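Numbered as in the working numbering, the sequence shown ends at 995 without a single skipped number. By construction, the Cβ of each residue, glycine as well, lies at the ideal position given by its N, Cα and C atoms. No experiment lies behind these values; they were computed from the predicted model shown.
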Amino acid sequence: MSRRFVSFFLIVWTGCSIAHSERLHPLRPERVEAIAQLRFDAETIDTPHTVRGVVSRVGVPLYVQDRTGGIEVTFRSPAPTLRIGDEVMVTGRLVPLRYSSRLKEAELVVLAPGVPEPPVSLTATMASSGNYDRVYVETEGVLREIRNVDGALWLVLDGGREPFVVEVPIRPVTAFASKLVLQSRLRVRGICIMDDRRSGEATPFTVRASSIEDISIISPPPFWNRAHVLEVVGGLLLIVLGIMILYVRMERWRFALILDERTRMAHDLHDTLAQSFTGIAFQLQAARNAIRAGAENIEKQVSLAIAMVSDSQEDARRSIAMLKPADLETGNVLENLRQQGEALTHGEKIVFSINSKGEIDRIPEALGKILLRIGHEAVTNALRHAHPKTIAISLEVTADSVVLIITDDGLGFATDGARARGFGIRAMHARAHSYGGSLEILSSPEKGTTVEARIPLRPKRKRFTRIFSTLREGES
């Protein structure tokens, strides 16, 4: 049987329309070689070789593989219509590559239609070995970068130790391509190409996928990826910065309160002790002058000096009592306030009356301390400025709040004057607001004063927020 007859018979049997006026070389089925063996035929470069295998990818170039490896095929004229999985016989001139081979100016005969071969499943490290060049493979990796280059989608994946590039045609663009998110783990299928210089990447291999259908998402990006970590770190830095700014403002407010307290104490000492000492010095000077003049009746000046000394001692004792912290841990709120008031009066004829209503034991310890501070400040202000004869203290516990009322029959003051903006009154307002409550002061000259604090049994807002807002209001 002649070669021309064999060629004609095969063409008619397969139905392929391969017609050349001049054949470059004849098909040689009697010399079919294993694809992997062609890598070692260096002496037969540019000579005809014939292989038999299964189409793994159609297009230009065509990829064919057998059980030993894969090969790239190019044609002088347009190739016949093929499908993935077709069993073919290819004859062409051998072009050795670094890890595989290419058959150029090839002729092809379809031997039988077939079922597409499954991809070779391997790791990126195995693919980079070079043993799977031009083979249909399947591998996995984490998506690090997405590019759109010359009508193709280039995905840079991290396969563990080995990064690699996946080249996907994206015409037309599918909705799936828009779902690709960095840090996702992908499974890709395609032809493994070693030393693909077109990618311009320093990666050991490229996977050429036929379409976007060759890519599937195994898992979405983990929460603790680089972008999320940067977001969390940035958020923490903002929180730390906010805390630092808040701390600086707190220190400024604290320093302002300390200066305010020192100024108040200076005014108190000036109004009490300094003036008393001046009066004592004046009376003693008058007594000395009377002695020099031979006057016998100097008892009046000495008595006045002694009285002024007693008054100065009382003023000093009251100032010291104001600086001492109250015993806030034990006892009833009303009883503590009464004891503090009697300690401040030190035997003076001032009547203290106390009255309670409701379950006093329901008052939380933190709220009890606030009530004691407010009551102590109100009683102290009354004793120092109003000179009352009676002070009435009442405490009422309702279902959801506590009402503390302190009333005196002293001199009173104008609530729109400077005294109403003093440190002590500001401190009472701040303490009431710190627990979500309110404080009201009713007073007028010569008509006494009433201080009413109404505070919930449970705080309504975070405590530090209330304190800062109150202090800011006080500074403005």
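Take the alpha-carbon of V921 and the one of V898: they are about 18 Å apart. Taking a 10 Å sphere around the C-beta of W673, we find 16 or more other C-beta atoms and assign the residue as buried. Distances from the CA of Q584 to each of F683, F724, A728, E636 were compared; the closest alpha carbon is that of E636.
For the options L701, V607, M769, F559, the alpha carbon positioned closest to that of E664 is the one of L701. Looking at L778, D928, L613, T644, the one whose alpha-carbon comes closest to that of T968 is D928.
With respect to the C-alpha of A885, the residue from A728, G955, P907 having the closest C-alpha is G955. Secondary structure at D830: helix, using DSSP grouped into helix, strand and coil. Under the three-state reduction of DSSP output, G611 falls in the strand class. Per the coordinates, the alpha-carbon of G678 lies some 31 Å from the alpha-carbon of L622.
Cβ contact annotation for E552 (same chain, cutoff 7 Å, sequence separation greater than five): H568, T569, V570, in chain order. By the CB criterion at 8 Å, F942 and D779 fall inside the cutoff.
Per the DSSP secondary-structure output, Y582 pairs in a beta bridge with R576, E591. Bounds of the alpha helix (DSSP H) holding L890 are 884-900. Note that the C-beta distance between I689 and P615 is not below 8 Å.
The stretch 651-661 makes contact with the stretch 578-598: 3 or more CB pairs, one atom from each, lie closer than 8 Å. Distance from the CA of S735 to the CA of R706, rounded to the nearest whole angstrom, comes to 5 Å. According to the DSSP assignment, A911 belongs to the beta strand (DSSP E) that extends over 909-916. The C-beta distance from I879 to V916 rounds to 6 Å, short enough to fall under 8 Å.
DSSP, reduced to helix, strand and coil, places I603 outside both helices and strands of the structure shown, so it counts as coil. Looking at the backbone, the Cα of Q832 and that of L890 are separated by about 29 Å. Within the same chain, E681, P723, F724 come within 7 Å of S647 by CB-CB distance, once the 5 residues on both sides are set aside.
Less than 8 Å separates the beta-carbon of L627 from that of A598.
In the DSSP assignment, R666 falls within the unbroken beta strand (DSSP E) covering 655-668.
Between S703 and S730 a beta carbon distance of about 18 Å is seen, past the 8 Å cut, so the two are scored as non-contacting.
Residue pairing by DSSP places P567 opposite R612 in a beta bridge.
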